[in-house]
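Reading through the structure tokens given below for one structure.
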Amino acid sequence: MNVIRDSGNGFRVKTEDSNILLFVGALFRHPNHDTRNPSKNMQDKFPDIKLLVFDVDGVFSDGGIILSDVGIETKRYNVRDGFGVVAARKMGIEVGILTGRANRNVTLRMRELGIPHVVSKCTHKGEGIERVAKLYDIPLENIAYLGDDLIDLPAMTRVAYPMAVADAEEPVKAHAKYITTQPGGHGAVRDAINHVLEKLGRYDELVQMYLEM
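Going by this note's numbering, the first residue of the sequence shown is number 78, and it counts up by one from there.
Written out as structure tokens, the structure is:
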């Protein structure tokens, strides 16, 4: 009996007496492993996310800007998003901020949430996300990013797990591996955090931690 490896189909076995070809590749493959599409098997594995990076305007906030008569800018934040940040850090996942604008109330809010690094005035978010990765000493393959607009695309295309808010620009959604059910400023950050924790198999652990308090 002659045994020959058959490209894409395991092994081809040729019997000497009847010249019948028997395909027995299934005996040598894991039932969930697709030898014809190896990239699919890699896509099925969720990356080991250790750092979540968020934009601010349109993600943490709804994108609205309130200016006082003397030029003081204020923003509205969702308290459940804030709790999600605290919860992620309790589970050992770091959180960072990458924003194109600079505002004192952003710094104050993120400091209140215990976020150690806020990178602001970033006009090139591809370079910005690489800077954030160095600040946390976490490689890009362990980073997830949540954005809403075209300026976020260079960051999204560099990280392991790009995400978009529900009301993001269509090209941003097209490059996202996950789209939140909530729009920016209305629970999108919490949605993204919950999603990552669930994919990592950590969300039930978080719930149990609070049940035992």
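Note that beta-carbon positions come from the ideal geometry of N, C-alpha and C, so glycine has one too. Bear in mind that the values here come from a model prediction, so they are computed numbers and not experimental data.
Rounded to a whole number of angstroms, what is the C-alpha to C-alpha distance between E247 and V136?
15 Å
Taking just the CA atoms, how far does D125 sit from A210?
Answer to the nearest angstrom: the Cα atoms are 15 Å apart.
Contiguous alpha helix (DSSP H) assignments of at least 4 residues, all confined to the segment 146 to 207
Counting whole runs of 4 or more residues, the segment 146 to 207 contains the alpha helix (DSSP H) stretches 156 to 167, 181 to 189.
What is the DSSP secondary structure of M290, counted as helix, strand or coil?
Coil.
Pull up the distance between the alpha-carbon of R178 and that of V196, whole angstroms please.
9 Å
Local Cβ density within 10 Å of Y154, reported as buried at 16 or more and exposed below that:
With 16 or more other CB atoms across the displayed protein chains lying within 10 angstroms of its CB, Y154 is buried.
To the nearest angstrom, how far is it from the Cα of D146 to the Cα of D139?
21 Å
Over what stretch of residues does the alpha helix (DSSP H) that includes L320 continue unbroken?
Past the boundaries of the shown model lies residue 320; the chain is included only from 78 to 290, so the question cannot be answered.
P248, DSSP secondary structure in three states
helix
Go ahead and pull the three-state DSSP assignment for L277.
coil
So, are the CB atoms of L175 and G141 less than 8 Å apart?
One thing to note: L175 has its Cβ no nearer than 8 Å to the Cβ of G141.
Take L190 as the anchor and find which of R208, D214, H201, A165 has the nearest alpha-carbon.
A165
Select from R208, R235, I143 the residue whose C-alpha is nearest the C-alpha of K254.
Ranked by Cα distance from K254, the options R208, R235, I143 are led by R235.
What is the DSSP secondary structure of V209, counted as helix, strand or coil?
helix
Who are the Cβ neighbours of C199 in its own chain at under 7 Å, not counting the five residues just before and after it?
L175, T176, G177, G205
Is there a Cβ from chain B that is less than 8 Å from the Cβ of V162?
No chain B appears in this structure, which consists of one protein chain only.
Exposed or buried, what is I149 when buried is set at 16 or more other beta-carbons lying within 10 Å of its beta-carbon?
exposed
Report buried or exposed for H107, applying the criterion of at least 16 other Cβ atoms within 10 angstroms of its Cβ.
With a pLDDT of 41 at H107, under the threshold of 50, the predicted position of this residue should be treated as unreliable, and no value is reported.
Below 6 Å CB to CB, which residues in the same chain sit around F123 once its five sequence neighbours on both sides are set aside?
K276
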